[in-house]
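Residue numbers (the numbering used here): 452 to 576.
Shown next, in structure tokens, is the structure this report addresses.
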């Protein structure tokens, strides 16, 4: 409390009605082409900090109006699918370069072997 000069508080519903409230706090690390417009690039890499990625709700620009868990999961899976395997060249353009659509990078040692029923597979068009 003293370190931030704040006062612990709660919502009116929680205090008066004993009804808990939750919120989906999102944003804070906006996606942009340059560090002047956001914190991360379209591949979720943090500008100015090589090797650091943001793959959580901070990358979502505003409240979605629904539970964001599936959107967060989809965005994280998309970002991770473009990470290079250790020792391989990075297919993503350099930080600050224009966005370019790239194919997912096949994992050398996938967490799930091919054919596992629970594994999700991208359907080729």
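We treat Cβ as the ideally placed atom computed from N, Cα and C, and that holds for glycine.
Exposure of residue 550 is indicated by the presence of fewer than 16 other C-beta atoms within 10 angstroms of its C-beta. For residue 464, the enclosing alpha helix (DSSP H) has its first and last residue at 463-468.
The C-beta of residue 500 has fewer than 16 other C-beta atoms within 10 Å across all chains shown, which makes the residue exposed.
A distance below 7 Å between beta-carbons, with the five flanking residues on each side excluded, links residue 561 to no residue of its chain.
Inter-segment contact for the region 509-518 and the region 466-478 is present: three or more beta-carbon pairs are separated by less than 8 Å.
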